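Read through the structure below, which is laid out as structure tokens, and then see the notes.
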Ligand SMILES: N[C@@H](CCC[C@H](N)C(=O)O)C(=O)O
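Numbering (the UniProt record's numbering), first residue to last: 1 to 267.
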């Protein structure tokens with residue numbers, strides 16, 4: 001079976017987007033992994049599958065490069081909103097509202113959750129400041145923005161070997177569904193620098209949900225004031241949030257090319 005796909009990215013976090021609203025396309029975890037493979041497949045951080053939805057303009061499923069299906073992807077939401085003009089998008093992480101504007105695509109990603117069992121953690125701990133540490137990374141904050149994140153604030157981002165410590169934290173038994181690992185440095189009253197080790201994808205150029213979770217954790221600690229500019233290796237996102245409200249993320253979405261492939265080539 002032949003299918004068309006769009007190669008897109010949000011600040012370098014790249015996607016293969018398949019619009020399967022009118023296709024009977026079965027994506028299994030091994031197939032998703034094969035499509036995402038940069039040597040033998042199309043190559044991407046996440047495979048995004050668009051499906052019909054009863055409750056929104058469309059449904060969006062997300063597969064990490066390791067083939068695992070997950071709940072939310074901030075950068076892909078902006079790409080899909082731009083590609084399809086959808087204003088409501090149904091994901092496993094929540095019903096999302098999108099709007100196009102002069103500064104890029106804005107996404108209302110919903111309200112953050114802080115309860116230990118909503119992250120989820122394996123057992124009850126204070127999610128505002130976890131009393132556990134990994135090497136120099138201590139007092140992390142845990143936030144769920146549709147998917148699970150842990151955030152560490154450090155004085156010098158460049159001093160952290162995230163490629164080494166990221167997978168250790170991702171797979172720590174404290175996080176039964178694994179976790180996205182964010183390391184951030186405050187650079188101004190409303191500015192942060194951020195690097196993310198993504199669950200199931202490793203180091204990426206940018207993580208939209210990571211930027212949301214990190215800005216929320218920093219605002220909660222009184223480290224910055226909303227709106228926050230989060231600078232990732234791939235560029236900047238603007239995040240707005242106040243306690244009790246939903247999170248708004250604004251940033252670019254880029255279409256790279258449209259291609260075609262044979263589904264059976266991926267198992
Ligand atoms: N790149 C994404 C997040 C993708 C999913 C994440 N790796 C997870 O496993 O939760 C983003 O832009 O938010």
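Idealized CB from N, CA, C, for every residue including glycine. What you are looking at is a predicted structure, and each value in this text was computed from that prediction instead of being measured.
In three-state DSSP terms, what is residue 46? For the purposes of this step, residue 46 is taken as residue 46 along the chain shown, with counting starting at 1. Strand, per DSSP.
For residue 148, which residues does DSSP report across the bridge? In the chain shown, counting from the first residue as 1, residue 148 sits at position 148. Answer is 144.
In the DSSP assignment, find the unbroken alpha helix (DSSP H) run with residue 219 in it and report its ends. Position 219 of the chain shown, counting from 1, holds the residue named residue 219. Per DSSP, residue 219 belongs to the alpha helix (DSSP H) from 208-220.
Hey, is residue 147 close to ligand 1, as in C-beta under 6 Å from one of its heavy atoms? In the chain shown, counting from the first residue as 1, residue 147 sits at position 147. Checking the Cβ of residue 147 against ligand 1 gives yes.
Quick check: is any heavy atom of ligand 1 less than 6 Å from the C-beta of residue 199? Working through the chain shown from its first residue, we reach residue 199 at position 199. Indeed, a heavy atom of ligand 1 lies less than 6 Å from the Cβ.
Counterpart residues of residue 85 in DSSP-defined beta bridges: For the purposes of this step, residue 85 is taken as residue 85 along the chain shown, with counting starting at 1. Paired residue(s): none; residue 85 is not in a bridge.
Regarding residue 224 and ligand 1, is the C-beta to nearest heavy atom distance less than 6 Å? Residue 224 sits at position 224 when you count from the first residue of the chain shown. No - ligand 1 has no heavy atom lying nearer than 6 Å to the Cβ of residue 224.
What do you get for residue 127, buried or exposed, if any count of 16 or more other CB atoms within 10 angstroms of its CB means buried? Taking the first residue of the chain shown as position 1, residue 127 is located at position 127. Result: buried.
Quick check on residue 113: does DSSP put it in helix, strand or coil? For the purposes of this step, residue 113 is identified with residue 113 of the chain shown, where counting begins at 1. Strand, per DSSP.
Beta carbon of residue 176 nearer than 7 Å to that of residue 120: Locating residue 176 in the chain shown gives position 176, where the first residue counts as 1. Locating residue 120 in the chain shown gives position 120, where the first residue counts as 1. Yes, the pair counts as a contact, with Cβ atoms nearer than the cut-off.
Give a yes or no on whether the C-beta atoms belonging to residue 213 and residue 105 are separated by under 7 Å. For the purposes of this step, residue 213 is taken as residue 213 along the chain shown, with counting starting at 1. For the purposes of this step, residue 105 is taken as residue 105 along the chain shown, with counting starting at 1. No.
What is the residue span of the alpha helix (DSSP H) that residue 325 lies within? Coverage of the chain is limited to positions 1 through 267, which leaves residue 325 absent and any answer about it impossible.
Just how far apart, CA to CA, sit residue 11 and residue 178? Within the chain shown, the letter at position 11 stands for residue 11. Within the chain shown, the letter at position 178 stands for residue 178. Cα to Cα, the separation comes out at about 24 Å.
Using only CA atoms, which one of 1, 58, 196 lies nearest to residue 160? The sequence position of residue 160 within the chain shown is 160, counting from 1. Closest option to residue 160, Cα to Cα, is 196.
What does the Cβ neighbour count give for residue 115, buried or exposed, with the cut at 16 atoms within 10 Å? Taking the chain shown and counting its residues from 1, one reaches residue 115 at position 115. Counting Cβ neighbours within 10 Å, residue 115 comes out exposed, since fewer than 16 surround it.
Would you give the residue range spanned by the alpha helix (DSSP H) that residue 199 belongs to? In the chain shown, the residue the question calls residue 199 occupies position 199. Run containing residue 199: none; DSSP gives neither H nor E here.
Strand pairing of residue 250, partner residues [DSSP]: Translated into positions along the chain shown, residue 250 becomes position 250. Bridge partners of residue 250: 106, 238.
Beta carbon of residue 111 nearer than 7 Å to that of residue 209: Here residue 111 refers to the residue found at position 111 of the chain shown. Here residue 209 refers to the residue found at position 209 of the chain shown. Cβ distance not < 7 Å, so residue 111 and residue 209 don't count as in contact.
For residue 61, which residues of its own chain have a beta-carbon under 6 Å away from its beta-carbon, when the five flanking residues on both sides are left out? The sequence position of residue 61 within the chain shown is 61, counting from 1. If we look at residue 61 and ignore the five residues flanking it on each side, its Cβ neighbours are 49.
What distance in whole Å lies between the Cβ atoms of residue 192 and residue 228, which are believed to be in contact at a cut-off of 8 Å? Residue mapping note: residue 228 aligns to position 228 of the chain shown, counting from 1. Residue mapping note: residue 192 aligns to position 192 of the chain shown, counting from 1. With 8 Å as the limit, residue 228 and residue 192 qualify as a contact, their Cβ atoms being about 6 Å apart.
Residue 61 (DSSP reduced to helix, strand or coil): Within the chain shown, numbered from 1, the residue matching residue 61 stands at position 61. In the structure shown, residue 61 sits in a strand (DSSP, three-state: E or B).
beta-carbon residue 209 near ligand 1 non-hydrogen atom, thresh 6 Å: As a position in the chain shown, residue 209 is number 209, starting the count at 1. Yes; taking the cut-off as 6 Å, the Cβ of residue 209 has a heavy atom of ligand 1 nearer than that.
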